[in-house]
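Colleague: So the number in our numbering is just where the residue sits in the sequence shown, counting from 1, plus 3.
Just so it is clear, CB atoms sit at the ideal spot from N, CA and C, and this is done for glycine as well.
Keep in mind the model is a prediction, meaning the values are calculated, not measured.
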Amino acid sequence: MLTQPARLTARPRPSSPTFIPGAGPRSLRAVSAGQASHHGAMAATYHVRRAQQDDMPAILDLIDWSAKWLRECKNTDQWSSPWPDEDARNLRVAQGIDAGLTWMVRDDQGSLAGTVTCRDQGSPKLWRTAELRQPAVYVSRLIVARDQAGRGIGAALIDWAGQRGARRWGARWIRVDVWTTNLALHAYYKRTGFTHLRTLKFADNWEYPSAALFQKPTGGIDPLSVGRFVEGGA
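1. Is T202 closer than 9 Å to G216 when the C-beta atoms are compared?
2. Look at R122 and V147 and say whether their C-beta atoms are less than 9 Å apart.
3. In the DSSP assignment, find the unbroken beta strand (DSSP E) run with T120 in it and report its ends.
4. In angstroms, rounded to a whole number, what distance separates the CA positions of K219 and I100?
5. For L145, which of helix, strand or coil comes out of DSSP?
6. What ranges does the alpha helix (DSSP H) occupy inside the segment 121-186, keeping only unbroken runs of at least 4 residues that lie completely in it?
7. Specify the secondary structure class of R95 as computed by DSSP and reduced to three states.
8. Have a look at R170 and W163 and give me their C-alpha separation to the nearest angstrom.
9. Mapping DSSP to helix, strand and coil, what is Q56?
10. Enumerate in chain order the residues of its own chain whose CB-to-CB distance from T79 is below 6 Å, with the five nearest sequence positions on each side excluded.
11. Is R240 helix, strand or coil when you go by DSSP?
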């Protein structure tokens with residue numbers, strides 16, 4: 004995400020799929036950049052639909068450009084290389100699409116505005132047994148297009164995912180695991196109403212590099228932000 008064009012154009016990718024917990028592309032800006040929300044600037048309506056396999060090139064582009072932008076503009080090692088390797092990363096993205104967990108966001112003009120993945124189950128590697136018993140929505144791979152930056156889309160998408168989880172399975176919490184060393188991103192989540200629960204320690208950080216755990220109650224969702232999204236194709 005450096006000098007990126009104003010529009011994202013999906014480019015051909017190898018047939019093998021790809022993954023990463025939140026990224027941003029050619030014409031984008033990832034939430035991972037630590038951008039504060041600006042709900043007041045969000046005037047447009049956005050259309051959200053489930054991702055299909057033919058969305059894979061666009062998602063991978065978002066990931067690649069986000070990684071580049073974070074590395075060169077934000078001085079963080081987040082996504083400096085695929086975790087744990089490219090094949091495994093790609094497979095997780097493909098599985099998220101196949102399971103209906105990944106969503107694509109477009110503006111009224113049809114331009115790609117972002118993507119998000121959300122699910123009703125967290126990883127036992129990260130979350131305690133008592134926490135996993137609580138209904139929650141777990142958000143990952145949240146990316147906002149760079150030409151859509153400054154409109155509060157990232158924070159609003161988190162609320163959209165939270166409200167959807169609250170309505171579908173009674174989610175009480177919105178939860179995220181954040182890149183351990185990206186302190187700017189930690190600050191971003193705190194500014195948007197999240198509480199830092201803990202950061203897990205591993206003998207090797209690469210065993211699980213996204214181990215800072217945050218949550219916020221779905222009761223804190225902003226209905227005006229959620230109202231900016233129209234869901235289709237569910």
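Modeller: Taking the coordinates as given:
1. Residue 216 sits at position 213 when you count from the first residue of the sequence shown. Residue 202 sits at position 199 when you count from the first residue of the sequence shown. Rather than Gly, the amino acid found at residue 216 in this sequence is Leu. Yes, the pair counts as a contact, with Cβ atoms nearer than the cut-off.
2. One-based indexing of the sequence shown puts residue 122 at position 119. One-based indexing of the sequence shown puts residue 147 at position 144. Not closer than 9 Å, so no.
3. If you number the sequence shown from 1, residue 120 lands on position 117. Secondary structure note for T120: its beta strand (DSSP E) is the uninterrupted segment 115-122.
4. Here residue 219 is taken as the residue at index 216 of the sequence shown, counted from 1. Here residue 100 is taken as the residue at index 97 of the sequence shown, counted from 1. Distance between the alpha carbons of K219 and I100: 25 Å.
5. Position 142 of the sequence shown, counted from the start, is the residue given in the question as residue 145. In the structure shown, L145 sits in a strand (DSSP, three-state: E or B).
6. 132-136, 156-172
7. Residue numbering aside, residue 95 sits at position 92 when the sequence shown is read from its first letter. Note: R95 maps to helix in three-state DSSP.
8. Position 167 of the sequence shown, counted from the first residue, corresponds to residue 170. Position 160 of the sequence shown, counted from the first residue, corresponds to residue 163. C-alpha separation (whole angstroms): 11 Å.
9. In the sequence shown, residue 56 corresponds to position 53, counting from 1. DSSP, reduced to helix, strand and coil, places Q56 within a helical segment of the structure shown.
10. Counting from one through the sequence shown, the residue named residue 79 turns up at place 76. If we look at T79 and ignore the five residues flanking it on each side, its Cβ neighbours are L73, N185.
11. Nothing in the structure corresponds to residue 240, since the chain is present only between 4 and 237.
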